[in-house]
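Enquirer: Take a look at the following structure, please.
Protein chains in written order, with the numbering used here: chain B, 9 to 430; chain W, 50 to 250.
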């Protein structure tokens, strides 16, 4: 019994030692770069923690707000110091550690967020993730999202199929006409009727057909002159070349950035506002490569804004970007964006077309007076919701008595000359 | 017959020559009475020969304050960030409707693209791996961040975030911050939105 008991005790001690050994082994476990298993749960955990806590300021392979994390474990004197730094960097700086103070001064004395809630185990898994990411820059990326493949690029609808079908049908029609003519001739020959032996062109272009064609050509000529005269000064379809190949299809379409993120004046002023270059730099300090033109077009923003991507500072002389205005109203017409966007609640696309699909911006609407007036006649005003219109007593009475079911822009003076021309 | 042929050829050619297929969409097209169409005054964002740098939208002279404009008194330095924690408080009192209405609208327009509509840091751009994800508003660090530091960050940017001083005005910045705070309160945040009656700044 005694020996059995002592055996049990020994067993217990052995298990305890084994447990400690295993935990130590796990604690000091560092995967060599040779055998990264992409689905290692520990690395996955590290990746998740990295994205949630570190990714806002650090990248593995490049400097962001803070330094690049590749080889960070070599730069620190010991792993304990690094863990202490992550948990509370201010304390490590205060302790007088030379490397901590060096890096603090190097990065403009901005304090790294403290992460006291991360356990040592979690911090080590993050470090393991950065090791894996150093060894394989594509580690953890979803398959097919390498830097060379543009993300979310949508295939353009293919029109060539329709041309092929149309061409095929045309050939078929001509062939059938030839066959029926031949059959007609055969029938005529059999019945002894005279056969028309003139060449095909002469058969088609009879005097009557020619006269009709001339009339048609004169009409088309007149219609063209009319169309040209009406289109004078309207520039519908105008698509000027811009100094930077900025794509609305990419920014507003794929990236789903709100129109008014950049055109912040649309609700506040007459102008929707061409964004100043600092708005571009909100994202492009980080995004230095586009899916279509690579670094070429974004390098232009850096040149205009004076940004030096190697040092990460606005070191050079900035210069305004000379964008070409697409939508030009004549000077004798007054237009105000805020009235339409804020008060009227009109969508940008109503007048500008499907901007989120345009690679290059093109004038969508004719911007003619008829087009303006037509919309003012048809568009219903948010009449009862807007306190500004409370003074229109007659219309409110008419709506109450059922005489009127809606109030249009024209009703409240939207077709008066002086509204836009003064 | 030959005469008819000639007329046909001439009219068809004339029509073809005049068709608008030849329009170059890189150019604005023709116009009449350009003196009535083009402004003699310099419009915003047009070239201006009067100023040395050729820009019509000039910056206000240094030291001048626009009417009704707010001047943020703290410089963009790490010390300034710490100072903002105590020196800057919300001078506005917003109604719940304002916060849920305009506050939410401004947040979704300017912030949600990265911070996420839920404030979890999983906006559209981080989710398609185009921009690093910002920290969630509901972590320990941001949950208890003083109002002044938040305003300082919107004003000058913080980390990867750029400055929003040019897109949001003084009132809008506090409105957006109040909306963020309302999201945090809904998730168990303890700090009530600070409303100080002092409107001198």
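Just so you know, even glycine gets a beta-carbon here, dropped at the ideal spot from N, CA and C. Being a predicted model, the structure only gives us computed values, none of them experimental.
Where residue 136 of chain B and residue 68 of chain B are concerned, what is the direct C-alpha to C-alpha distance, given to the nearest angstrom?
Expert: Within the first chain, numbered from 1, the residue matching residue 136 of chain B stands at position 128. Within the first chain, numbered from 1, the residue matching residue 68 of chain B stands at position 60. The straight-line gap from Cα to Cα measures roughly 12 angstroms.
Enquirer: If residue 152 of chain W and residue 203 of chain W are in contact, beta carbons under 8 angstroms, what's the gap, nearest whole angstrom?
Expert: Sequence index remark: in the second chain, residue 152 of chain W carries index 103 (1-based). Sequence index remark: in the second chain, residue 203 of chain W carries index 154 (1-based). Not really, about 13 angstroms apart at Cβ, beyond 8 angstroms.
Enquirer: Is any beta-carbon of chain B found at less than 8 angstroms from that of residue 192 of chain W?
Expert: Along the second chain, read from residue 1 onward, the residue named residue 192 of chain W stands at position 143. Closer than 8 angstroms: no.
Enquirer: Between the beta-carbon of residue 274 of chain B and the beta-carbon of residue 345 of chain B, is there less than 8 angstroms?
Expert: Taking the first chain and counting its residues from 1, the one referred to as residue 274 of chain B is at position 266. Taking the first chain and counting its residues from 1, the one referred to as residue 345 of chain B is at position 337. Against a cut-off of 8 angstroms, the Cβ pair of residue 345 of chain B and residue 274 of chain B comes out as a contact.
Enquirer: Just checking: is the beta-carbon of residue 196 of chain W within a distance shorter than 8 angstroms of some beta-carbon in chain B?
Expert: In the second chain, the residue the question calls residue 196 of chain W occupies position 147. No - not a single Cβ of chain B is within 8 angstroms of the one on residue 196 of chain W.
Enquirer: According to DSSP, is residue 207 of chain W part of a helix, a strand, or is it coil?
Expert: Position 158 of the second chain, counted from the first residue, corresponds to residue 207 of chain W. Residue 207 of chain W: strand per DSSP, three-state reduction.
Enquirer: How many whole angstroms separate the CB atoms of residue 140 of chain B and residue 51 of chain B, which I take to be in contact at a CB cut-off of 8 angstroms?
Expert: Counting from one through the first chain, the residue named residue 140 of chain B turns up at place 132. Counting from one through the first chain, the residue named residue 51 of chain B turns up at place 43. Rounded, the Cβ-Cβ distance is 5 angstroms, consistent with contact.
Enquirer: For the alpha helix (DSSP H) that residue 470 of chain B lies in, which residues bound it at each end?
Expert: Any question about residue 470 of chain B goes unanswered here, given that chain B covers just 9 to 430.
Enquirer: Within its chain, find whatever has a CB closer than 7 angstroms to the CB of residue 356 of chain B; leave out the 5 residues flanking it on each side and keep chain order.
Expert: Working through the first chain from its first residue, we reach residue 356 of chain B at position 348. Answer for residue 356 of chain B: 267 and 363, listed in chain order.
Enquirer: Just checking my contact of residue 127 of chain W with residue 302 of chain B at CB under 8 angstroms: how many whole Å lie between their CB atoms?
Expert: Against the second chain, residue 127 of chain W aligns to sequence position 78. Against the first chain, residue 302 of chain B aligns to sequence position 294. With 8 angstroms as the limit, residue 127 of chain W and residue 302 of chain B do not qualify as a contact, their Cβ atoms being about 35 angstroms apart.
Enquirer: Could you tell me the alpha carbon to alpha carbon distance between residue 233 of chain B and residue 411 of chain B, rounded to whole angstroms?
Expert: Position 225 of the first chain, counting from 1, holds the residue named residue 233 of chain B. Position 403 of the first chain, counting from 1, holds the residue named residue 411 of chain B. Looking at the two C-alpha atoms, the distance is approximately 45 angstroms.
Enquirer: Across which residues does DSSP place residue 104 of chain W in a beta bridge pair?
Expert: Mapped onto the second chain, residue 104 of chain W falls at position 55. Paired residues: W/96.
Enquirer: Taking the straight line between their C-alpha atoms, what separation do you get for residue 157 of chain B and residue 55 of chain B?
Expert: In the first chain, the residue the question calls residue 157 of chain B occupies position 149. In the first chain, the residue the question calls residue 55 of chain B occupies position 47. Low local confidence applies: a pLDDT of 39 at residue 157 of chain B is under 50, so the model's placement there is unreliable, with the coordinate-based value given in what follows. If you take the alpha carbons of residue 157 of chain B and residue 55 of chain B, they lie about 22 angstroms apart.
Enquirer: Roughly how many angstroms lie between the CA atoms of residue 251 of chain B and residue 329 of chain B, to the nearest whole one?
Expert: If you number the first chain from 1, residue 251 of chain B lands on position 243. If you number the first chain from 1, residue 329 of chain B lands on position 321. Roughly 7 angstroms separates the two Cα atoms.
Enquirer: What is the rounded straight-line gap between the Cα of residue 421 of chain B and the Cα of residue 347 of chain B?
Expert: Position 413 of the first chain holds residue 421 of chain B. Position 339 of the first chain holds residue 347 of chain B. If you take the alpha carbons of residue 421 of chain B and residue 347 of chain B, they lie about 14 angstroms apart.
Enquirer: When you compare only the Cα positions, how much space is there between residue 138 of chain W and residue 145 of chain W?
Expert: For the purposes of this step, residue 138 of chain W is taken as the residue at position 89 of the second chain. For the purposes of this step, residue 145 of chain W is taken as the residue at position 96 of the second chain. Roughly 19 angstroms between the two C-alpha positions.
Enquirer: Could you spell out the range, first to last residue, of the alpha helix (DSSP H) harbouring residue 51 of chain W?
Expert: On the second chain, position 2 is the one that residue 51 of chain W refers to. Start and end: 51 to 67.
Enquirer: Shortest alpha-carbon distance to residue 147 of chain W belongs to which of W/114, W/54 and W/231?
Expert: By one-based count along the second chain, residue 147 of chain W stands at place 98. Checking every option, the nearest Cα to that of residue 147 of chain W belongs to W/231.
Enquirer: Under the three-state reduction of DSSP, which class applies to residue 188 of chain B: helix, strand or coil?
Expert: Locating residue 188 of chain B in the first chain gives position 180, counting from the first residue. Residue 188 of chain B falls in the helix class under three-state DSSP.
Enquirer: Out of curiosity, what's the CA-to-CA distance linking residue 118 of chain B and residue 133 of chain W?
Expert: Within the first chain, residue 118 of chain B is the residue found at index 110, counting from 1. Within the second chain, residue 133 of chain W is the residue found at index 84, counting from 1. Distance between the alpha carbons of residue 118 of chain B and residue 133 of chain W is about 15 angstroms.
Enquirer: Taking the beta carbon of residue 100 of chain W as the centre, do at least 16 other beta carbons fall within 10 Å, making it buried, or is it exposed?
Expert: The residue labelled residue 100 of chain W in the question sits at position 51 within the second chain. Exposed: under 16 other Cβ atoms inside 10 Å.
Enquirer: With a threshold of 8 angstroms, are at least 3 pairs of Cβ atoms found where one atom belongs to the segment 256 to 267 of chain B and the other to the segment 393 to 404 of chain B?
Expert: no
Enquirer: Could you please tell me which residues of the segment 65 to 91 of chain W, in chain order, have their CB closer than 7 angstroms to any CB of chain B?
Expert: Taking 7 angstroms as the Cβ-Cβ cut-off against chain B, the residues of the segment 65 to 91 of chain W that qualify are 67, 68, 69, 74, 75, 77, 78, 79, 80, 81, 85, 86, 87 and 88.
Enquirer: Taking the Cβ atom as the reference point for each residue, do residue 181 of chain W and residue 64 of chain B lie within a distance shorter than 8 angstroms?
Expert: If you number the second chain from 1, residue 181 of chain W lands on position 132. If you number the first chain from 1, residue 64 of chain B lands on position 56. Contact flag set, yes.
Enquirer: At a CB distance below 7 angstroms, what residues from the segment 114 to 131 of chain W approach chain B? Give them in sequence order.
Expert: Listed by position along the chain: 127.
Enquirer: Using only the heavy atoms of the ligand ZN, determine whether one of them is closer than 7 angstroms to the beta carbon of residue 95 of chain W.
Expert: For the structure depicted, the ligand ZN is absent and the ligand set is empty, with no information on it obtainable.
Enquirer: Skipping 5 residues on each side, what residues in its chain have a beta carbon closer than 7 angstroms to that of residue 427 of chain B?
Expert: Numbered from 1 along the first chain, position 419 holds the residue referred to as residue 427 of chain B. Around residue 427 of chain B: 421.
Enquirer: Could you run through the segment 247 to 271 of chain B and flag, in chain order, every residue whose CB is less than 7 angstroms away from some CB of chain W?
Expert: 247, 248, 249, 263, 264, 265, 266, 268 and 269
Enquirer: Quick one: is residue 37 of chain W near chain B, going by C-beta distance under 8 angstroms?
Expert: Only positions 50 to 250 of chain W appear in this structure, which leaves residue 37 of chain W out of reach.
Enquirer: Buried or exposed: which applies to residue 325 of chain B, given that a residue is buried once 16 or more other Cβ atoms fall within 10 Å of its Cβ?
Expert: On the first chain, position 317 is the one that residue 325 of chain B refers to. The residue in question, residue 325 of chain B, is exposed, as its Cβ has fewer than 16 Cβ neighbours within 10 Å.
Enquirer: Beta carbon of residue 313 of chain B, beta carbon of residue 215 of chain W: below 8 angstroms?
Expert: For this step, residue 313 of chain B is matched to residue 305 along the first chain. For this step, residue 215 of chain W is matched to residue 166 along the second chain. No.
Enquirer: Roughly how many whole angstroms lie between the Cα atoms of residue 64 of chain W and residue 235 of chain B?
Expert: By one-based count along the second chain, residue 64 of chain W stands at place 15. By one-based count along the first chain, residue 235 of chain B stands at place 227. Distance between the alpha carbons of residue 64 of chain W and residue 235 of chain B: 13 angstroms.
Enquirer: For residue 316 of chain B, does the three-state DSSP call read helix, strand or coil?
Expert: Counting from one through the first chain, the residue named residue 316 of chain B turns up at place 308. Residue 316 of chain B: strand per DSSP, three-state reduction.
Enquirer: Just the Cα atoms here: how many angstroms apart are residue 179 of chain W and residue 161 of chain W?
Expert: Mapped onto the second chain, residue 179 of chain W falls at position 130. Mapped onto the second chain, residue 161 of chain W falls at position 112. About 14 angstroms.
Enquirer: Is the distance from the Cβ of residue 183 of chain W to the Cβ of residue 197 of chain W below 8 angstroms?
Expert: Locating residue 183 of chain W in the second chain gives position 134, where the first residue counts as 1. Locating residue 197 of chain W in the second chain gives position 148, where the first residue counts as 1. No. Outside cutoff.
Enquirer: Considering just the uninterrupted stretch of the alpha helix (DSSP H) at residue 84 of chain B, what are its terminal residues?
Expert: Position 76 of the first chain, counted from the first residue, corresponds to residue 84 of chain B. Premise fails: residue 84 of chain B is in no alpha helix (DSSP H) and is neither H nor E.
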